[in-house]
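In the numbering used here, the protein residues as written are 50 to 130.
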């Protein structure tokens with residue numbers, strides 16, 4: 050289940066080639082995108098995120114809750130990292 054959601058999140062972030070970095074911090078994912086215009090924040094919220102914040106310059110934070118680290122691992126696995 051989490052792998053399926055992770056794959057959809059990667060797609061909503063513009064694909065694995067658009068993701069420069071990803072790390073978790075307690076309740077959120079911190080992501081750096083190459084092309085932030087490819088971000089589909091609405092789709093990420095539909096997939097269960099509490100909030101998506103585009104900080105500019107490619108920096109994005111996705112608030113997931115206490116399982117953000119599990120989502121980070123699932124996304125990295127889907128991306129082959």
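Just so it is clear, CB atoms sit at the ideal spot from N, CA and C, and this is done for glycine as well.
Nothing here was measured: the structure is a model prediction, and the numbers come from that model.
Should residue 130 be labelled buried (16 or more other beta-carbon atoms within 10 Å of its own) or exposed? exposed
Cβ shell of residue 107 (< 6 Å), same chain only, five flanking positions each side left out: 81, 82, 85
Go through its chain and collect everything with a Cβ distance to residue 56's Cβ below 8 Å, but skip five positions before and after it. 127
Using beta-carbon positions only, say whether residue 123 and residue 51 come within less than 7 Å of one another. yes
Where residue 118 and residue 77 are concerned, what is the direct C-alpha to C-alpha distance, given to the nearest angstrom? Just so you know, the alpha carbons of residue 118 and residue 77 end up roughly 8 Å apart.
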